[in-house]
Structure formats: C-alpha cells, structure tokens
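Position in the sequence shown (first residue = 1) + 45 = our numbering. Heads up, the beta-carbon is just placed ideally off N, CA and C, and yes, glycines get one too. It should be emphasised that the depicted structure is a prediction, and the values quoted were computed from it without experimental measurement.
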Amino acid sequence: MTEVLTRSPAPFPYPHDARDRVPIILTALAQIQTQPKQTSLRDRKDLVSVAFTDPAMEKGTNSRASSGPSYEVFLCFRGVDTRHQFTDCLYHGMVDAGIVVFRDNESLHVGKEIGSELLQAIQNSKIYIPIFSKNYASSHWCLRELAHMVDCTSKSNGNKEILPIFLDVEPEDVKLKTNLYRQTLSKRQKTSCPEVESWEKALTEVGRIKGWNWKKDRGQGDLIHSVIRTVSAKLKMTHENVTEHLVGIGDRVDAIIKMLDVGSDSVRFLGIHGMGGVGKTTLAKVVFNELSSNFDRCCFLADVRESSKDNNGKVKLQKQLLSNLLGSHSIAQICHVNDGINMMNKGVLKSKKVLIVLDDVDEKEQFRSLAGKCNWFGSGSRIIVTTRDQSVLMIEGEATSEGLANISTYDVQEMEFGHALKLFSKHAFRRDSPPDHRISLSKDIVLTLGKLPLALEITGSSLNSKPEALWVDTLKKLKEAPPMGVQRKLMISYERLDYAQRQVFLDIACLFVYRDKTYPFYMWDACGYYPHDALEALVLTSLIKIKYGSTLWMHDQVRDLGRDIVRQENFNDPCERSRVWNPEEALSILKWKEGSRKIEALSLGWLHDDEDLIRKHDEFANLRSLRFLKGKGVILVGDFNNLLSSLRWLSWRYCSDQFEATNFHPTNLVVLDLSYSNISEEWNGWSQIREISKLKVLDLSYCKCLKRTPDLSTWGSLEKLILAGCENLIEIDPSIGKLSLLTTLDLSRCDSLREVPEEIGCLQPSTEIVMPYPQDLLPKTLGDMQSLLTFVANSYTINLPLLIAVLANVRQLDLSECTDIKVLPNSIGKLKSLVKLDLSSTSIGHLPDSIGNLKQLKVLRMRNISGIRKLPSAVGLLEKLEELDASACCNLTGNISEEIGRLSCLRILNLSDTRISGLSTTMSRLSSLQTLDLAPCPELKQLPELPPSLTCLRWDPNKWGSIIGSTVYEQETPTPALPSNNGALSQQETPIPALPTSIFTLSQLETLSVSCENVEFLPQLPSSLRVLALRLLATTRSPDFSNLKNLSTLMFYGCSMPEFSGIFDAELKIFRMELCKFRKLDALFQVEMKELRSLMMSRCEFLPEVVDLSRMKNLEDVHLSNCKLLVEIRGLEELGSLCFLVVKRCRSMKGMSDLSKLKKLMELSVTDCPKLRSVEGLNRLESLRWLTIINAGEFQGDTSDLNLEHSLIR
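Structure follows, in structure tokens:
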C-alpha cells in the first residue's frame, strides 16, 4: 500500500476513516491553492490543520512518534529551488515505481521545532534523500531535518541510509570547504543560533557520502531513473524472513539461480516442486532474497493455496501482487479475477523487470490468474512457483509471447545425512552436532525421519532439553507415524487425491515400497483404480517416485503417513483395518479366524514354523474383500468353494509340491506368482488354477522342478509368462500359440531348453521375448512376429542376417556373448526402431557405416571386442545416442573422430582399457556429457578442452594398486582421472611442475581420480568434489583441500607429503592410503572425524607405533595391513558401530584395546601378527559371525560362547 503525506496525500494514511476524510482534504487543499501568493503561513494554518489532522489526535489521543505511518523514502529539499521541477518529477517517478515516499510540505513548518508529523515521517523512513541545491543551507528547516536524519541513521544499526543528490552543487560545498554553504552558516552563527554546530556536523558527514552529481547542462531523466533503480534495489521491497538454521542449502540455491539465469533478457518461469516439508518455501525465500536487488520490483506471495480458499481469495492475491509491483493506486478497479487478468493483459507490468514468487500453488487457475502469460512482464522478469503438485506447472500455452514459455523445474530432494544430522542438532541442542551421549539416538531419529527438514525441525525442537527417556519414547512413536506437524503438511497432498488414487497410495505405503510396479499395476487395473492416472497423480504430487524405470519409491515419512492412515481405521484392532502388512498380525488374524470384510490386503511373509505354514479354508471365510494375499511356502488345506472371490493377486512363492486345497477357483485372480516353488508339470494345482480365466500374469521363474509347461490354452487373457531360471525346463507346450494377448515371454537362463514350438510364431502382438538358445533351433515362424520389440539372444551360434531380416521392428537387440558373430552386416542399418544395441564380447572386426542409420539408437555397447580398431565417423550421425561404451577394446587405437562432437545427447563415454592416443577437440561440444572414463588408456598423453557438464572423469595410463579395488562395500571406486576445460592437459614423461589451475573451473565435477607422477604442485580443486583419489603425488607442501566441504571419499596411493594439516575439514566417510609416506601421519588420529565410516591403511611407512581410533567414533570397518611400525591399536572400545576389523601382516603389533563393547562387530580377522599376545573381550562379541586368527603369536581368547558361521584359528 502506497502511503504519501504531501500536498496531495494518499487516501489511506488512516485506514479507519480515510474515505470520509478525502472530501475535507481536497476542499482544504483547493482553498489553499486559491490563496494569493503573498498569504502568510500563519494565515493558512487552520486550513492546513484540517487537511492533516489525525482523527485519533482530535479525540485527545497522544500517539508516540513511532506510531505514525511508515515510509520507505523521505525527501528533504529546498522548496523554492526544486519543488516544482526536479523534486516533483522524482517524487512521481518513485510513486509510479510503488515506493512509499514522504515529500516534505513546507506548510508543516510551524514554529521553531520539527513538528510531530515530520518527526514521525523521518523516524519511520528507511532511506533519506537530501537534495542539495544552491539555497539548501538557507533553510533552517532543511538543516534541522538533515541533522535529525543523521541522528536516526547513526542509531539504526545499519537499517537506515542516506543517499544524497548534489543538484548543481558539489560535495565540497556541502562539506563546507567552499563559501556556498559556509557563509550562510556563519551568518546564523552570529545570531547565536545554538543548532549551527550540529548542522555543520551533519553537512560535513553527509557530504562525504557518495551520491549523485548533476550539472545544469545535463538532462535530469537519466538521473531520476538511476535514483529510482538504486532505491528499489536497496529496499529489496519485500525481504523474506528465513530461519537462522539454514543447513546444506547452498548448492541447491546455486543450482536454482543458475537455472534462472538472471543475466538473460527473456522472461523465465521456474517450478520448485517436492513433497510437503522438504523445504521448497525456504529455498524460494533464500533465492528471492538473493536475487531481489536485480529487479525493478519484487513480490513474494506466500501460501497461495490457503489464501485462495477465502471468498475472493484469488482477487485478493491479484490485488496484493499488483499493489506490491505498482502501488496501491492500481488495485481499486479489481473486483473479479478477470479484472486482474485484463489489467495485466493490457501491459501494466510490461515495462517492469519483476521477480515474483508464487508459494504453495496447488491449482492451475491460481497460476493462470497471477502469472498467466510471458507477455505480462517486462524483459528479464523471473517467476518462481513452489508446488507439491507438478501438474500445476503443466499449463497449456504456446512458447511465445502470447503464452507461457517452457517452465523449468527443480525437484527438491531430501537432505544428505550429514546435513540432516546438523539441522536436527541445531534445533535439539543449539549446536552443530549432538553431544557424545546422544549421538546414537540422534542418528536413529534422523534416519527414522528420512532426512526431511520440517520433520527434523519439529522433532529437534520438541526434544530440546528433554530427558533421555522421552527421546527413546519419541523414537518409538516416530517409527509408527510422522510428527503431527509433518503429518498435517503431508495430508494436504493426500486429501487432494480421489478415491482410487488414495487406494493406490495406501497400497504402496503398506505393501509395495521399493517394489516393481508391474504386478501391482495389473491388480489396480482389475480393481478399477485406473493405475495410469493414479500413479501419475501420485508422482506429480511428490507422494511417490518411479525409480530405475519401474520401482515404486516413497519417502519414509510419506510411507509412515499412509500406514498411520490405515492404522487409524481402527487403532486397537488390526482385524478392522483395510491392509495388514505386519506378518505377525496377519498370522494372528488367520489363526484366530478374526478376519473381516474390511481387510483388503494380507501379507504373511516368511512362516518358519511348520504348523504356521498350513492354513485352512475356514480361516479365509470372512475375508470377503481380500484382493491381495502374500504367503511364502504356505500350504492351503480344505474346501475353498466360493472363497477368495475378490482376490486379484496371489503371491505364493516357494509353494510346496503338495496341493491339498479343493475347489480353489479365485475367479477374479489376475496375478499368480509361483516363483521359486517346488512344483512340476505333475502338480495337482494345475487342474484347479486352470479355470482362472482372467489370469494376466503367471510367474513360474526359478521353478527348478519344472520340465514342461502345463497346457496354457485356458489362460487366454495371459499377457506375461515368466519362466526365467527354470534350469530344467526342456519343453514349452504348443498351446502357447493360443495366447494371442501375450506381450512378454521370458525364457532367460532356461539352460536345458532345446526346442521352441512352431506355434510361437502366432504371437502377433508379442512385445518382448528373451530366447537364450542356439539360432538353428529357433522356429521358422519367428519371422511372423512383426511386432516384436525386444530380442535378447545370448547364444554362441546365430545367423545374424536372417535374424535382422526377421526382427524388422526390434527396439532392443542384445547380442553380447555371441562369440561366433564375426561380421556385423550392413543390414543392421535397417533396424530403424532400434534403441539399444549390445555387441559386447562378439568377434566382429568393425562397425559398418550403416550404423549411422540407427537414428533412434540411445545405447551402443561394444565392450571387449578385440577386432575393433577404430570408431567409424558414422557414429557421429547417432544424434540421440546417450551412452557409448567401447571399454576393453584392446586394439582400438589412434585418434577418436572429430564427428563425435556431434553427439549432443551423449551422457556416458567409456573408452577405458583401450589404446587410443587422442581425443578430438570437438569433445568440448558434448554439452550433455557427464561421465568420461579413460582409465587406463596408456597411449593417451593429452586431454582436449572438456565440457563443463562433466561430473566424473577417470584418466590414468595404468591400473591402480590393490587399495582401490578392495572394499567391503559394493560401491564403485574410481580409477585415476584428471579433467581440464581450458586448453589441453598433458601427462607426458617429462616433469610437470603443476596441474593446470583451470581444473578449478569444472564446477560440476564430483569424482576426480588422477595420477600425479612428476606433478610437483596440486592446484585448488573444484568445491563440488565428493570423491578424490590421488596416485603417486609427491609434493613438498600439503595440498589445499580447505574448500572441499562436500568431500566424502579421499584416497591416496603411493603418495608422499610433509604433513596432514588442514586436510580433514570435510566430513569424510571413506579414507584410504596405500604405499604412502606421510611423515606427520599421527595428525590423522588427532582430528575429530565423526562422519568417517571406513578406514583402510596399507604399507604406510610412517604410521605411528600407537594408533588411537577413539576420535573416529562412527567407523564401521577398519583395515590395517603391512604397517611395520604399528605396535598397538587403541580406542576400539569407542567404536560402537564397528562391523569389520581386519589386521594383516603388522608384525610389530603386540595388542589392541578391549573389544567387548563392539556389539555390532561381525568380522574379526588377525593374520600374521606374530607378537600379538591376546584379544580381550572376544567372548562377548555377540554379533561376531566370522573369526580368523592366523599366526597371531601367543593369542589367547575364549570363543566357546560365540555363534560363529566361520572360524579359522591356527
């Protein structure tokens, strides 16, 4: 709302009766303006008081000065010099820009003191603009105001500012270094004016402030525009309050700012989406505050979803938006949503570069009514929308000035564990990390909360200064349901779902997290839940994600919300809930025959007791609504006539070869999973399940007793037949030809299969087939399958030209391991639909040029082909290629063709274990490239300029030593690499004094592995690094790793440096050294490394005699080998998380500290430590499963009480 106190005051300085007072004000002003010019101030006093008297004061209210209206800018000027020219233009320009400005009215200058209203205006303003003119110092009112402004600024703690304008005067005049102002003040001093000294001080101080200088011979327009822009930037209009506990937000803010590209003149929209409580609003606020100074006007509309619920909610939001961007005078005519849209269609914002945040938008209409089109906003404007529903961002419109351009999106993920623990600690302990006595509980809580910021803040705050018993109880509750504050946030998304979408959501939460969506999809479709629509809605509202193509993923807090919703259906009685996922509760319901119509899903899990495996028909009698039943190894007994009629999915893995049920006809069953069962073709169950006419999925994978498939003809609706891993299957029944709807036939790993019936050629709509058997046994009718989309031929003899001719529409062709294939025919180029081609481990000698005709190809793998000597230039024609893997092609030599630079979609390029000698300079054009693997490439001596998109680069002429490959975790560990994106990077045999500093500019690089032989100096590395591996680095000074705050893995091989100081500022999780000579290695064990999980040290020459691990409290595995000076390992009793302890060939080691407190230790291996005397506490290692003690001298230890799976002591 724009408030102006001047000769034309804004109508809202006193909202309670503003409208009633407007006529009085206008009448008074009209009379003032008609008075003769010689009328004195005293003569007009009464008229002025009518116009500017606060009704509250008329009633005797004596308000404090600070209680008056607030202003953003106070203009102080000499009226006779500038009022009707410069000041008037500046004032109206500020009002038009939406700035709340006070323009001094000399009619208020009554008496010798500053009046109450002027005092209020000065005290309640943020920026003061004194306009110094020739006669400024002749006005004692101007000087008094200036002195008061200086005083207010000095007491404001930096919240107020003076911005002077020197209008045809010089700063030297104002600083009293010339006679212009000095003579005027001297005259006043002679009249014994006591204020002169304070005026002189104020003038001198303000004269030193850098402002704007204007000369008569210049236009004033540019000056006024500059002043308004500067003031707008300094005000930052609506700076948003953000919590002081910001953790791990920097990278996210940087990523969003990069996406917004403020330097571009186009109008851009960005959607920030994610589940409730993940931190979308906080991110938007930080970005808003960071960028607001770059825009003419800014507006942050908070909680759009909730505000829209009120009557005329969208209208109020439009008014708030336009008021912030244009001033309150612009909103009076908006009474309906269309009024606001029409106003913006007319271009009222077209001339303004604006920053707008629409927070928590949940409907497209909200978006349309507030930021519907690009052409509403001025060049360079940015509009940010936060939402938990991605569909809000899918607004139809052309990517032109008439509609919305493409909306970029940023998906907010959960926090990293280290950041999550820090955020929790800030709220729970008012410090960055938990105290030692609460660290274990804190980690358990953070893991349970799923690293969700809102949950961490709420729970942390609630536990502040609370006793441990309450912490334990809270952890138990959190494992059942999210905190109430988080639950309320998440329920917003759930409540927007329709009935079917809610059923799918609850099914996933209770039963299918981390499960493939294929089988549930069939069940939901059979239940009428429209799974395509439901899953899309759940993904768009950030309640689930589909990972790895088909895996259902849900945040732990969302999962717990869903389970709590089901639990609340009847808190005390699981029998009255729709879904029972706890195996113990499910078993109890069946045992006691407590089932009810409300139960729709029952999961029994593993049943180890033989009695529990037998389940009788009467236990299912009341389960009339049961649509999902899971039970491994269950034996059904009794008459199931008219039972399980609602069942859609029966997961019956490990089924016994016994079948004692009768009348077992679940007529609505669509998914039957009998995988890993002991059934054969003679199984009695076939005759009964054959009557299930609606069956769409039959999974018989890994049924090792199955030699022949049963008659399949009665399952005419079957779409998927899975026989993978049936290693004794020798025959498929010819009735497969009658499965006209079959889309998937999986025969992989059916090693005994030697014949496929001719009837397979009748499967016209089949879309996927896996056939791992010799080509000459394929039926001739395979050629009839014109719709075949996927074919995998893991055979050794194959007629490739014939196969290509047959599979005209194939999308995926896997020929790996077909060693008899020596020539890839030109006809390969006819497979126009091919998306993935795997030629690995074949015997082909070259790729034909026709390979360039595969315009849809995204993946080309040709690993381990010794005959390949070069990549044809035709590869550059594969414009959609995303992955090119030619690793282990040992005879691939020479330079890679410059045509590779045309692959703009390429993300992965793997040329490791080849003999290439050069890469094309066009590599820099690979704008999508993320991974480049060149380790080892012994002939490659130089790298060209690389694209900044690179996140992982490996380069080394030789393979790494053993330390890189040896890890207890199944985690990829990088091999050496070295990137550069400015000029060439050389690695020749001649000494290199330093690596290029340009490596620092690869801002997205996360993995760096580099061989540093002959490198004398390591420059600063990019702060984005997470994995750093250095080989053969020998330097006289320690590298500077101080900026590597994100580093989690650090590895050294064959390195030497004088000291370790400052190397562990990052929160390392993995640290490894082999064959290293670090003279001050003891410093490693004197640093708190609370995040370290894995420590491996081998053949480290200067490892101290005593190693104390007590400061690495969260270690999970320790490997120490060939450390010849090591005598003792201390601090092991502090490592409560330790799972693996391996000590090898430490021939001087005599002892280690007590192990009895290592409750999680699973493996202990001590080998070739001949001086070791004893291992204390060994008999109390309750989790120990693998024990190896070989050549451990006088080893003593009682192992009789241990439950060991493997033991070797000698």
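Coil, strand or helix - Leu-929 by DSSP: Looking up residue 929 in the sequence shown gives position 884. DSSP places Leu-929 in strand when its eight states are reduced to three.
Whose CA, out of Lys-903, Glu-1161, Glu-862 and Pro-1149, lies closest to the CA of Val-1172? Indexing the sequence shown from 1 puts residue 1172 at position 1127. The shortest C-alpha separation from Val-1172 is found at Pro-1149.
Opening and closing residue of the alpha helix (DSSP H) in which Arg-350 lies: On the sequence shown, position 305 is the one that residue 350 refers to. Residues 349–352.
Which residues DSSP lists as bridging Phe-1116, in chain order: Taking the first residue of the sequence shown as 1, we reach residue 1116 at position 1071. Within the DSSP bridge table, the entry for Phe-1116 names Leu-1095 and Leu-1140 as partners.
Straight-line gap, Pro-989 to Ser-969 (C-alpha atoms, nearest Å): For the purposes of this step, residue 989 is taken as residue 944 along the sequence shown, with counting starting at 1. For the purposes of this step, residue 969 is taken as residue 924 along the sequence shown, with counting starting at 1. So the two alpha carbons sit approximately 8 Å from each other.
Please report the residue range of the alpha helix (DSSP H) in which Asp-296 lies. The count along the sequence shown starts at 1 and reaches residue 296 at position 251. Its alpha helix (DSSP H) spans residues 295–305.
Just to check my reading of the structure: Leu-948 and Leu-923 have Cβ atoms closer than 8 Å, yes? What is that Cβ distance to the nearest angstrom? Counted from its first residue, the sequence shown places residue 948 at position 903. Counted from its first residue, the sequence shown places residue 923 at position 878. So it is a contact: roughly 7 Å between Cβ atoms.
Per DSSP, what are the beta-bridge partners of Lys-765 in this structure? Position 720 of the sequence shown, counted from the start, is the residue given in the question as residue 765. Partner(s): Val-742 and Thr-789.
Trp-516: first and last residue of the uninterrupted beta strand (DSSP E) it sits in: Walking along the sequence shown from the start, residue 516 turns up at place 471. Run containing Trp-516: none in the beta strand (DSSP E); it sits in the alpha helix (DSSP H), 513–523.
With DSSP collapsed to three states, give me the class of Met-17. This structure cannot settle anything about residue 17, because the visible part of the chain is limited to 46 through 1255.
If we call anything under 9 Å between Cβ atoms a contact, is Pro-1103 one with Arg-1124? The residue given as residue 1103 occupies position 1058 in the sequence shown. The residue given as residue 1124 occupies position 1079 in the sequence shown. Yes, Cβ-Cβ distance for Pro-1103 and Arg-1124 is below 9 Å.
Here's the rule: buried if 16 or more other CB atoms are within 10 angstroms of the residue's CB, otherwise exposed. What is Leu-266? Along the sequence shown, read from residue 1 onward, the residue named residue 266 stands at position 221. The sequence given here has Gly at residue 266, not Leu. Classification for Gly-266: exposed.
Is the beta carbon of Glu-117 less than 9 Å from the beta carbon of Val-307? Residue numbering aside, residue 117 sits at position 72 when the sequence shown is read from its first letter. Residue numbering aside, residue 307 sits at position 262 when the sequence shown is read from its first letter. With contacts defined by Cβ atoms closer than 9 Å, Glu-117 and Val-307 do not form a contacting pair.
Contacting residues, own chain, Cβ-Cβ under 7 Å from Ala-465 (five flanking each side not counted): As a working note, residue 465 is residue 420 in the sequence shown. Around Ala-465: Val-491, Lys-496 and Leu-501.
Note down, one range per segment and in chain order, each alpha helix (DSSP H) of at least 4 residues found wholly within the segment 677–738. 731–734
When DSSP builds the beta bridges, which residues end up paired with His-472? Here residue 472 refers to the residue found at position 427 of the sequence shown. Paired residues: none, contrary to the question.
Rounded to whole angstroms, what is the Cα-Cα separation between Cys-807 and Arg-350? The residue you call residue 807 lines up with position 762 of the sequence shown. The residue you call residue 350 lines up with position 305 of the sequence shown. Cα to Cα, the separation comes out at about 55 Å.
Let me confirm a value: His-1164 is counted as buried when at least 16 other C-beta atoms fall within 10 Å, else exposed. Which label applies? Position 1119 of the sequence shown, counted from the start, is the residue given in the question as residue 1164. Buried.
For Pro-175, which of helix, strand or coil comes out of DSSP? Translated into positions along the sequence shown, residue 175 becomes position 130. Three-state result, Pro-175: strand.
Completely contained alpha helix (DSSP H) runs for the segment 327–389, where each covers 4 or more residues: 349–352 and 358–371
Decide if Glu-1250 is buried, meaning its Cβ has at least 16 other Cβ atoms within 10 Å, or exposed. Walking along the sequence shown from the start, residue 1250 turns up at place 1205. Looking at its Cβ environment, which holds fewer than 16 other Cβ atoms inside 10 Å, Glu-1250 is exposed.
Which residues DSSP lists as bridging Ile-659, in chain order: Within the sequence shown, numbered from 1, the residue matching residue 659 stands at position 614. Per DSSP, Ile-680.
Note the first and the last residue of the continuous alpha helix (DSSP H) segment covering Ile-953. For this step, residue 953 is matched to residue 908 along the sequence shown. Counting along the chain, Ile-953 falls outside any alpha helix (DSSP H), though it belongs to the beta strand (DSSP E) covering 953–955.
Three-state class that DSSP yields for Tyr-574 in the structure shown: Counted from its first residue, the sequence shown places residue 574 at position 529. Three-state DSSP puts Tyr-574 in coil, outside helix and strand.
What would DSSP say about His-600, mapped onto helix, strand or coil? Locating residue 600 in the sequence shown gives position 555, counting from the first residue. Here His-600 sits in coil by DSSP.
Limits of the alpha helix (DSSP H) - the one that Ser-243 falls within: For the purposes of this step, residue 243 is identified with residue 198 of the sequence shown, where counting begins at 1. Here the alpha helix (DSSP H) through Ser-243 covers 241–252.
On the three-pair Cβ rule with 8 Å, is the segment 625–642 touching the segment 667–683? yes
Leu-542 versus Lys-325 - alpha carbon distance: By 1-based counting over the sequence shown, the position of residue 542 is 497. By 1-based counting over the sequence shown, the position of residue 325 is 280. Near 21 Å, if we compare the C-alpha coordinates of Lys-325 and Leu-542.
Touching by the beta-carbon criterion (3+ pairs, under 8 Å), the segment 512–529 and the segment 581–589: no
Which residues in the same chain have their Cβ closer than 6 Å to the Cβ of Arg-642, if we skip the five residues on either side of it in sequence? Numbered from 1 along the sequence shown, position 597 holds the residue referred to as residue 642. Closer than 6 Å at Cβ, skipping near neighbours: Arg-669 and Ser-670.
In the DSSP output, what is His-1164 paired with across the bridge? Residue numbering aside, residue 1164 sits at position 1119 when the sequence shown is read from its first letter. Partner(s): Met-1141 and Val-1187.
Cα-Cα separation between Thr-1244 and Asp-1213, rounded to whole angstroms: Walking along the sequence shown from the start, residue 1244 turns up at place 1199. Walking along the sequence shown from the start, residue 1213 turns up at place 1168. Approximately 20 Å between the Cα atoms of the pair.
Among Ile-767, Val-251 and Cys-380, which has the Cα closest to the Cα of Lys-361? On the sequence shown, residue 361 is found 316 positions in, with the first residue counted as 1. Considering only alpha carbons, the answer is Cys-380.
Identify the continuous alpha helix (DSSP H) that holds Ser-485 and give its terminal residues. Here residue 485 corresponds to residue number 440 of the sequence shown, with the count starting at 1. Per DSSP, Ser-485 belongs to the alpha helix (DSSP H) from 484–494.
Got a sec: is the Cβ-Cβ distance from Tyr-593 to anything in chain C below 9 Å? Given the protein chain composition of this structure (a single chain), no chain C is represented.
Taking the C-alpha atoms as reference points, what is the distance between Arg-1117 and Glu-1051? Within the sequence shown, numbered from 1, the residue matching residue 1117 stands at position 1072. Within the sequence shown, numbered from 1, the residue matching residue 1051 stands at position 1006. When rounded, the distance between both Cα atoms is 18 Å.
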